[in-house]
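Below is one structure, written out as structure tokens; comments come after it.
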Amino acid sequence: MVDLGRIQKELKEIDRDKTSGVTVKITGNNLQRLTGYVEGPRDTAYEGGYFVVDIQLDDQYPFVPPKMRFRSKVWHPNVSSANGAICLDILKDQWSPALTLKTALLSLQALLSSPQPDDPQDAVVARQYLTDNATFQRTARMWTENFAHKALAATEDEKVLRLADMGFTKEAASVALQTAHGDENAALELLLAAV
Amino acid sequence: MDEKATVTQNAVQIDAHVASPKHKEEFPESSAFECNICYDLAQSPVVTMCGHLYCWPCLYRWMQVQNHCRVCPVCKAGIEQDKVIPIYGRGGDNTDPRQKAQSTGSKEEDKDGPVPRRPAGQRLAPVPRAGISQQSGSVNLQPGLGILPTLFGMQQAPGQGGFAEPLTAEQQHQAFLSRLLLMLGSFVIMCLLLF
Chain A
14 MVDLGRIQKE
24 LKEIDRDKTS
34 GVTVKITGNN
44 LQRLTGYVEG
54 PRDTAYEGGY
64 FVVDIQLDDQ
74 YPFVPPKMRF
84 RSKVWHPNVS
94 SANGAICLDI
104 LKDQWSPALT
114 LKTALLSLQA
124 LLSSPQPDDP
134 QDAVVARQYL
144 TDNATFQRTA
154 RMWTENFAHK
164 ALAATEDEKV
174 LRLADMGFTK
184 EAASVALQTA
194 HGDENAALEL
204 LLAAV
Chain B
-10 MDEKATVTQN
0 AVQIDAHVAS
10 PKHKEEFPES
20 SAFECNICYD
30 LAQSPVVTMC
40 GHLYCWPCLY
50 RWMQVQNHCR
60 VCPVCKAGIE
70 QDKVIPIYGR
80 GGDNTDPRQK
90 AQSTGSKEED
100 KDGPVPRRPA
110 GQRLAPVPRA
120 GISQQSGSVN
130 LQPGLGILPT
140 LFGMQQAPGQ
150 GGFAEPLTAE
160 QQHQAFLSRL
170 LLMLGSFVIM
180 CLLLF
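In structure tokens form, the structure reads like this:
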């Protein structure tokens, strides 16, 4: 049984703090599927970016870490360029129930500003980071500009609205979009298959 | 301002032993007494040796989840089940503590599988304050008396009424002195026999 009281308190706390650069929105209807938004840290290739993070909470949360994955494409040694999987110790064995969604998202922000190429998630990116840093910086900046701007996050919301207009609930639409990695047509197929 | 300062100073002096109004000022939301795992007011509160507060069911569950070594969620200091300290506030549950000892924590069992009863507090014997003349007198008195009873194997029963209470520091001190005298005595007898 998931601890709803704690999740609600966490969300309230995130809402209260407007200066942290991270926000969380509810996606599903049961507080177990959430969407996080992380602002790219300043003075890095990710500056100006607005990164969308899929968050899924297990029944055991907060005794097990939240499942987090970048929905926005990110060029970073510790993030898979293919599926957004994140290599971060606190999301694995170093998790502690005293940590929160907010601290986890802030850790993602910190990870963006200090990549750890020795413990990579994406070997190609890590090799480029170590051998050709100038190209790495250029690529990371380009990806940030193309795939992680606020307008794109807004179009995600529009997609949800469009699907909702077709007669699905908003919750179901956003869950389907999340499962389909943002592909509107695939999400529609999923929704129709579920009917 | 000055007036207020002196008032609070007085209050601190008065509350040195009572200390409650000060707490309310410092922690307006009483968040200092929230469990570090469920973020609710701690139920069956326990505190770790490193000073972090949890509900006993929450901390127990966390200890079961961890597979390698058990650490405090907040500070990662080592924790052990028999080294947590329960906190017994006033009120809270209205059951007679004597009855509670017999029916073992049934409330927790209902919720999340069997949670063992909260570890009991460790009750140290009261230690008399050092530097009181009355006490030092009684210690001096003992060696004179002490040698004969101990030689004949008669340990002076603490409390004399046959209670098996743990020894106080003073009694331990006396026992040590009598043992020392016994050793000295037997040494003297051995010397007398040999030479």
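Which chain is which? The protein sequence lines are A and B, in order. Counting with our numbering, you get residues 14 to 208 for the letters of the first sequence. Counting with our numbering, you get residues -10 to 184 for the letters of the second sequence. Backbone N, C-alpha and C fix where the C-beta goes; we use that ideal spot for every residue, glycine too. Note that this is a predicted model, so its numbers are computed, not measured.
- Task: Would you please state the rounded distance, in angstroms, between the beta carbons of G61/A and G53/A? I believe it to be under 8 Å.
- Result: Counting from 1 along the first sequence, the entry for residue 61/A is found at position 48. Counting from 1 along the first sequence, the entry for residue 53/A is found at position 40. Right, their Cβ atoms sit about 6 Å apart.
- Message: Check for me: the beta strand (DSSP E) holding M81/A runs from which residue to which?
- Response: In the first sequence, counting from the first residue as 1, residue 81/A sits at position 68. Here the beta strand (DSSP E) through M81/A covers K80 to F83.
- Query: What separation, rounded to the nearest whole angstrom, lies between the Cα atoms of V116/B and P34/B?
  - Reply: Locating residue 116/B in the second sequence gives position 127, counting from the first residue. Locating residue 34/B in the second sequence gives position 45, counting from the first residue. Each residue's alpha carbon lies about 27 Å from the other.
- Test: L48/B CB closer than 7 Å to a CB of chain A: Here residue 48/B corresponds to residue number 59 of the second sequence, with the count starting at 1. With 7 Å as the cut-off, L48/B does not count as an interface residue toward chain A.
- Query: Is there at least one Cβ from chain A nearer than 7 Å to F16/B's Cβ?
  - Reply: Within the second sequence, the letter at position 27 stands for residue 16/B. Here the model assigns F16/B a pLDDT of 47, short of 50, so the residue's position is not dependable, and the following value carries that caveat. Between F16/B and chain A, the shortest Cβ-Cβ separation is not below 7 Å.
- Item | Beta-carbon spacing of R260/B, P62/B below 7 Å | Residue coverage of chain B in this structure runs from -10 to 184, which leaves residue 260/B outside it and unanswerable.
- Supposed close pair L44/A, I68/A - CB separation, criterion 8 Å: For the purposes of this step, residue 44/A is taken as the residue at position 31 of the first sequence. For the purposes of this step, residue 68/A is taken as the residue at position 55 of the first sequence. So it is not a contact: roughly 10 Å between Cβ atoms.
- At least one CB of chain B closer than 7 Å to the CB of A111/A: is that the case? By 1-based counting over the first sequence, the position of residue 111/A is 98. Closer than 7 Å: yes.
- Task: Within the same chain, show all residues whose beta-carbon is closer than 7 Å to that of S120/A, passing over the 5 residues directly before and after it, in chain order.
- Result: On the first sequence, position 107 is the one that residue 120/A refers to. Cβ within range, chain order: L101 and I103.
- Message: Would you say R19/A lies against chain B (beta-carbon separation less than 7 Å)?
- Response: As a first step, residue 19/A must be located in the first sequence, where it is residue number 6. With 7 Å as the cut-off, R19/A counts as an interface residue toward chain B.
- Item | Identity of the residues DSSP links to P34/B by a beta bridge | In the second sequence, the residue the question calls residue 34/B occupies position 45. Answer is C44/B, bridged to P34/B.
- Query: Looking at Y43/B and I68/B, is the spacing between their C-beta atoms short of 7 Å?
  - Reply: On the second sequence, position 79 is the one that residue 68/B refers to. On the second sequence, position 54 is the one that residue 43/B refers to. Not closer than 7 Å, so no.
- Query: By a C-beta neighbour count over all protein chains shown, 10 Å radius and 16 as the cutoff for buried, is L182/B buried or exposed?
  - Reply: As a position in the second sequence, residue 182/B is number 193, starting the count at 1. Looking at its Cβ environment, which holds fewer than 16 other Cβ atoms inside 10 Å, L182/B is exposed.
- Query: Around the C-beta of K72/B, are 16 or more other C-beta atoms found within 10 angstroms, so that it is buried, or is it exposed?
  - Reply: As a first step, residue 72/B is located in the second sequence; it is residue number 83 there, counting from the start. Classification of K72/B: exposed, given that the 10 Å Cβ count is below 16.
- Query: Whose CA, out of G195/A, Q141/A and D145/A, lies closest to the CA of A167/A?
  - Reply: Counted from its first residue, the first sequence places residue 167/A at position 154. Measuring from the Cα of A167/A, the nearest candidate turns out to be G195/A.
- For the stretch 71 to 101 of chain A, which residues have a beta carbon sitting closer than 9 Å to at least one beta carbon of chain B? Q73, P75, F76 and V77
- Query: Is it buried or exposed for Q111/B, if we count other Cβ within 10 angstroms and need 16 for buried?
  - Reply: Residue mapping note: residue 111/B aligns to position 122 of the second sequence, counting from 1. Q111/B is classed as exposed because its beta carbon has fewer than 16 other beta carbons within 10 Å across all chains shown.
- In this structure, does DSSP put T48/A in helix, strand or coil? For the purposes of this step, residue 48/A is identified with residue 35 of the first sequence, where counting begins at 1. Looking at T48/A - three-state DSSP - the assignment turns out to be strand.
- Could you tell me how far apart the beta carbons of P79/A and Q129/A are, in whole angstroms, since I believe they sit closer than 8 Å? Translated into positions along the first sequence, residue 79/A becomes position 66. Translated into positions along the first sequence, residue 129/A becomes position 116. Cβ-Cβ separation between P79/A and Q129/A: approximately 20 Å, too far for a contact (criterion under 8 Å).
- Message: For L143/A and Q150/A, what's the separation of their Cα atoms in angstroms?
- Response: Locating residue 143/A in the first sequence gives position 130, where the first residue counts as 1. Locating residue 150/A in the first sequence gives position 137, where the first residue counts as 1. Computed Cα separation, rounded: 11 Å.
- Message: Please report the distance separating the alpha-carbon of T157/B from that of R29/A.
- Response: The residue labelled residue 157/B in the question sits at position 168 within the second sequence. The residue labelled residue 29/A in the question sits at position 16 within the first sequence. One C-alpha to the other measures close to 54 Å.
- Item | 7 Å CB neighbourhood of F76/A in its chain, flanking five on each side removed | Along the first sequence, read from residue 1 onward, the residue named residue 76/A stands at position 63. P110, listed in sequence order.
- Message: Can you look up A117/A in the DSSP assignment and give me helix, strand or coil?
- Response: The count along the first sequence starts at 1 and reaches residue 117/A at position 104. Helix.
- Task: Give, in chain order, every residue of the stretch 21 to 33 of chain A whose Cβ lies closer than 7 Å to some Cβ of chain B.
- Result: K22
- Through-space distance from G78/B to K100/B, alpha-carbon basis: Translated into the one-based positions of the second sequence, residue 100/B becomes position 111. Translated into the one-based positions of the second sequence, residue 78/B becomes position 89. Reliability fails at K100/B, whose pLDDT of 46 lies under 50, so the model's placement of it is uncertain and the value that follows must be treated cautiously. Per the coordinates, the alpha-carbon of K100/B lies some 23 Å from the alpha-carbon of G78/B.
- Query: What are the partner residues of I74/B, as DSSP defines its beta bridges?
  - Reply: Taking the second sequence and counting its residues from 1, the one referred to as residue 74/B is at position 85. Under DSSP, I74/B shares a beta bridge with V36/B.
- Collapsed DSSP secondary structure at T182/A in the structure displayed: For this step, residue 182/A is matched to residue 169 along the first sequence. Under the three-state reduction of DSSP, T182/A is assigned to coil, being neither helix nor strand.
- Got a sec, what are the start and stop residues for the alpha helix (DSSP H) Y142/A sits in? Residue mapping note: residue 142/A aligns to position 129 of the first sequence, counting from 1. A136 to T144 is the extent of the alpha helix (DSSP H) around Y142/A.
- Residue range of the unbroken beta strand (DSSP E) whose run includes V65/A: In the first sequence, the residue the question calls residue 65/A occupies position 52. Unbroken beta strand (DSSP E) run through V65/A: Y63 to Q69.
- Message: Please return the same chain residues whose Cβ sits closer than 7 Å to the Cβ of A177/A, not counting the five positions on each side in sequence.
- Response: Taking the first residue of the first sequence as 1, we reach residue 177/A at position 164. Same-chain partners within the cutoff: K183 and A186.
- Query: Where does R118/B land, buried or exposed, given buried means 16+ other C-beta within 10 angstroms?
  - Reply: Residue 118/B sits at position 129 when you count from the first residue of the second sequence. Its Cβ having fewer than 16 others within 10 Å, R118/B is exposed.
- What is the DSSP secondary structure of V177/B, reduced to helix, strand or coil? The residue given as residue 177/B occupies position 188 in the second sequence. For V177/B, the three-state secondary structure derived from DSSP is helix.
- Beta-carbon separation of V15/A and Y59/A under 7 Å? Here residue 15/A refers to the residue found at position 2 when the first sequence is read from its first residue. Here residue 59/A refers to the residue found at position 46 when the first sequence is read from its first residue. Contact: no.
- Taking 7 Å as the cut-off, decide whether the C-beta atoms of V138/A and S94/A are in contact. Position 125 of the first sequence, counted from the first residue, corresponds to residue 138/A. Position 81 of the first sequence, counted from the first residue, corresponds to residue 94/A. Yes, the pair counts as a contact, with Cβ atoms nearer than the cut-off.
- Just to confirm, does L44/A get its C-beta within under 6 Å of one of the non-hydrogen atoms of the ligand ZN? Ligands in the displayed structure: none, and consequently the ligand ZN is not present.
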